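Student: Take this structure first; my questions come after.
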């Protein structure tokens, strides 16, 4: 894994730690959610396999090291630091909430404990690898909730911010409950069901719409889904109905989906095609899906693209990766950020969840309920295979089902899920604050 896939300051800090003789200092960093995005009552965890792969394969090639040497920021760095990078590997520990876990603001999601350089360099990658897929998985879960049991298909690769983001997003959307994806590589790579119809260009490429429909039907047989809104949607529906079976369904991609779907359903039913499905797409999101469902639209499934692949209404997650604890020659020091609007909490932690609340406790405490942060890597080695994508998807569905209905709702809940601190953690927070106030490190 490319060691340069990080922010410059992670590497300048690494050089600084090396120069200061801190390579053996053990550090604990935590990824935590600071605030939930607007209209989000939870975040669905995703992205852990990418982080595991990154940590287990993180290294620096000779060419990458030469590049660092060429940068003005590294002109005063001792040559021994480059020897250190040449032999770099992650030897620390990773604790994390499994993919598919429902998360809330104010609690840690992931902990890395390692020699300080090994724990510092991953910051940028960890933040990126968790926040993006978690936002997409959460958006997918909201769309699935709105659809009330009707399948939601991820259609967003062409609107994703890069092609690879489309693949990552397709995986996250499936984890969040989508029934499938249009992304063929995601299907190949992750075993996600792939689904699709045809583009308007297919219809336009033939002299007559009926001819385009016939050729597609010959090719796809019972998997045929006709895109019927290239010219006149109702006429397209009639042409598809005249061709008859095999026909899996028709797709609507524009117009007043409520009114049109009712007319199309009538046309298909009158032709004896009561089993033919209607798929709707066209800038859909969870709110439009909910409105269509509540209005009684006879739509059988929904293709969601732009709004899902970009998490358009919540494109960023306020999250942090902060140093919370140092161990130097067996002496433990707790660290905390005290700025008014960006406080971080000291010490390694665990989160215990029961049916009524989450309790953020100090690592090593005993608590009631499920302990969310689990060991994944110990001493630089993966301790057991990660859950499969289907297992993570099941965990997500089960976690969401256990939430109160108000938290699954598309609107912000009047009361968030309770997240409280244990007594021991509260005492540590107060003691650390007193220590830093009385004798700040800068003095």
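Residue numbers (the working numbering): 247 to 689. Where a beta carbon is used, it is the ideal one built from N, C-alpha and C, also for glycine. Here the structure is a predicted model, which is why all the values come from computation and not from measurement.
#1: Which two residues bound the contiguous alpha helix (DSSP H) that contains residue 635?
#2: What is the rounded straight-line gap between the Cα of residue 568 and the Cα of residue 662?
#3: Could you check what DSSP says for residue 689 in three-state terms: helix, strand or coil?
#4: Determine, using beta carbons only, whether residue 494 and residue 523 come nearer to each other than 8 Å.
#5: Return helix, strand or coil for residue 447, following the three-state DSSP convention.
#6: Which whole-angstrom value describes the C-beta separation of residue 417 and residue 555, a residue pair presumed to lie in contact below a C-beta threshold of 8 Å?
#7: Expressed to the nearest angstrom, what Euclidean distance is found between the alpha-carbon atoms of residue 309 and residue 261?
#8: Pull up the CB-CB distance for residue 291 and residue 343, whole angstroms please, since I reckon it's below 8 Å.
#9: Under a Cβ-count criterion, where at least 16 other Cβ atoms within 10 Å of its own Cβ denotes burial, should residue 274 be classed as buried or exposed?
#10: From residue 272 to residue 317, what distance separates their C-alpha atoms?
#11: Closer than 7 Å by C-beta to residue 501: which residues in its own chain qualify, once you throw out the five before and the five after it? Chain order, please.
#12: Does residue 574 pass the burial test, meaning 16 or more other C-beta atoms within 10 Å, or should it be called exposed?
#13: Could you work out which residue in 299, 385, 490 and 527 is closest to residue 506 when comparing CA atoms only?
#14: With a cut-off of 8 Å, do at least 3 Cβ pairs link the segment 278–297 to the segment 352–363?
#15: Let's see if you can read the secondary structure: which residues bound the beta strand (DSSP E) around residue 275?
#16: Tell me the DSSP secondary structure of residue 372 in three-state form.
#17: Can you tell which of 382, 395 and 440 has the C-alpha that lies nearest to the C-alpha of residue 415?
#18: Can you name, in chain order, every residue of its own chain whose Cβ lies under 6 Å from the Cβ of residue 384, other than the five neighbours on each side?
#19: Is it true that the segment 614–630 meets the segment 386–397, where meeting means three or more beta-carbon pairs spaced less than 8 Å apart?
#20: Residue range of the alpha helix (DSSP H) that residue 220 falls in?
#21: DSSP three-state label for residue 676, please.
#22: On the DSSP bridge assignment, give the partners of residue 549 in chain order.
#23: Using the Cα positions of residue 514 and residue 532, report the straight-line distance between them to the nearest angstrom.
#24: Taking buried to mean at least 16 other C-beta atoms within 10 Å of its own C-beta, is residue 226 buried or exposed?
#25: Rounded to the nearest angstrom, what separates residue 253 and residue 609 at their Cα positions?
#26: Do residue 622 and residue 378 have their beta-carbon atoms positioned less than 8 Å apart in this structure?
#27: The alpha helix (DSSP H) with residue 509 in it runs from where to where?
#28: Consider the C-beta atom of residue 423 and the heavy atoms of the ligand COA; say whether any pair is separated by less than 7 Å.
#29: Residue 665 by DSSP, collapsed to three states: which one?
#30: Kindly indicate which three-state DSSP category residue 319 falls into: helix, strand or coil?
#31: Give every residue of the same chain whose Cβ lies closer than 6 Å to the Cβ of residue 430, excluding the five residues on either side of it in the sequence, and list them in chain order.
#32: Around the Cβ of residue 347, are there at least 16 other Cβ atoms within 10 angstroms (buried) or fewer (exposed)?
#33: Whole-angstrom Cβ separation of residue 324 and residue 265, contact assumed at under 8 Å?
#34: Apart from the five residues on each side of it in sequence, which residues of its chain come closer than 8 Å, Cβ to Cβ, to residue 467?
#35: Compare the C-beta of residue 442 with all C-beta atoms of chain B and state if any pair is closer than 8 Å.
#36: Just the Cα atoms here: how many angstroms apart are residue 658 and residue 599?
Tutor: Answer, in terms of the structure:
#1: Numbered from 1 along the chain shown, position 389 holds the residue referred to as residue 635. Element bounds for residue 635: 635–647.
#2: Counted from its first residue, the chain shown places residue 568 at position 322. Counted from its first residue, the chain shown places residue 662 at position 416. So the two alpha carbons sit approximately 24 Å from each other.
#3: Along the chain shown, read from residue 1 onward, the residue named residue 689 stands at position 443. For residue 689, the predicted structure reports a pLDDT of 43, less than 50, and the residue's modelled location is therefore unreliable. A value from the coordinates is still provided. The answer is coil: DSSP assigns residue 689 none of H, G, I, E or B.
#4: For the purposes of this step, residue 494 is identified with residue 248 of the chain shown, where counting begins at 1. For the purposes of this step, residue 523 is identified with residue 277 of the chain shown, where counting begins at 1. Contact: yes.
#5: Counting from one through the chain shown, the residue named residue 447 turns up at place 201. Correct three-state label for residue 447: helix.
#6: Here the question's residue 417 lines up with position 171 in the chain shown. Here the question's residue 555 lines up with position 309 in the chain shown. Rounded, the Cβ-Cβ distance is 12 Å, inconsistent with contact.
#7: Translated into the one-based positions of the chain shown, residue 309 becomes position 63. Translated into the one-based positions of the chain shown, residue 261 becomes position 15. Going from the Cα of residue 309 to the Cα of residue 261 covers about 18 Å.
#8: Numbered from its first residue, the chain shown carries residue 291 at position 45. Numbered from its first residue, the chain shown carries residue 343 at position 97. About 5 Å separates the two Cβ atoms, so the contact holds.
#9: Against the chain shown, residue 274 aligns to sequence position 28. Result: buried.
#10: The residue given as residue 272 occupies position 26 in the chain shown. The residue given as residue 317 occupies position 71 in the chain shown. Distance between the alpha carbons of residue 272 and residue 317: 28 Å.
#11: For the purposes of this step, residue 501 is identified with residue 255 of the chain shown, where counting begins at 1. Excluding positions up to five away in sequence, the list reads 475 and 479.
#12: By 1-based counting over the chain shown, the position of residue 574 is 328. With fewer than 16 other Cβ atoms within 10 Å, it is exposed.
#13: The count along the chain shown starts at 1 and reaches residue 506 at position 260. Out of 299, 385, 490 and 527, 527 has the C-alpha closest to the C-alpha of residue 506.
#14: yes
#15: Locating residue 275 in the chain shown gives position 29, where the first residue counts as 1. Looking at the DSSP string, the run of the beta strand (DSSP E) that includes residue 275 is 272–281.
#16: Within the chain shown, the letter at position 126 stands for residue 372. Note: residue 372 maps to helix in three-state DSSP.
#17: Here residue 415 refers to the residue found at position 169 of the chain shown. Comparing Cα-Cα distances from residue 415 to each of 382, 395 and 440, the minimum goes to 382.
#18: Counting from 1 along the chain shown, the entry for residue 384 is found at position 138. Within the same chain, residue 384 has close Cβ partners 289 and 290.
#19: no
#20: The structure shown does not extend to residue 220, since the chain is modelled only from 247 to 689, so the question has no answer here.
#21: To locate residue 676, count along the chain shown from 1; it is residue 430. If DSSP states are grouped into helix, strand and coil, residue 676 belongs with the helices.
#22: Numbered from 1 along the chain shown, position 303 holds the residue referred to as residue 549. In DSSP, residue 549 forms a bridge with 399.
#23: The residue given as residue 514 occupies position 268 in the chain shown. The residue given as residue 532 occupies position 286 in the chain shown. Rounded to whole angstroms, residue 514 to residue 532 spans 27 Å at the Cα level.
#24: Coverage of the chain is limited to positions 247 through 689, which leaves residue 226 absent and any answer about it impossible.
#25: As a working note, residue 253 is residue 7 in the chain shown. As a working note, residue 609 is residue 363 in the chain shown. Cα to Cα, residue 253 sits roughly 29 Å from residue 609.
#26: Indexing the chain shown from 1 puts residue 378 at position 132. Indexing the chain shown from 1 puts residue 622 at position 376. Not a contact, by the Cβ cut-off of 8 Å.
#27: Stepping through the chain shown from its first residue, residue 509 is reached at position 263. Note, residue 509: alpha helix (DSSP H), 503–516.
#28: No copy of the ligand COA occurs in the structure displayed, which carries no ligand at all.
#29: In the chain shown, counting from the first residue as 1, residue 665 sits at position 419. Residue 665: strand per DSSP, three-state reduction.
#30: Along the chain shown, read from residue 1 onward, the residue named residue 319 stands at position 73. Looking at residue 319 - three-state DSSP - the assignment turns out to be helix.
#31: Residue numbering aside, residue 430 sits at position 184 when the chain shown is read from its first letter. Within the same chain, residue 430 has close Cβ partners 440.
#32: Numbered from its first residue, the chain shown carries residue 347 at position 101. With 16 or more Cβ atoms within 10 Å of its Cβ, residue 347 is classed as buried.
#33: In the chain shown, the residue the question calls residue 324 occupies position 78. In the chain shown, the residue the question calls residue 265 occupies position 19. Right, their Cβ atoms sit about 6 Å apart.
#34: Taking the first residue of the chain shown as 1, we reach residue 467 at position 221. Here the set comprises 492.
#35: Absent here is chain B; the protein component of the structure consists of one chain.
#36: Walking along the chain shown from the start, residue 658 turns up at place 412. Walking along the chain shown from the start, residue 599 turns up at place 353. Approximately 21 Å, taken between the alpha carbons.
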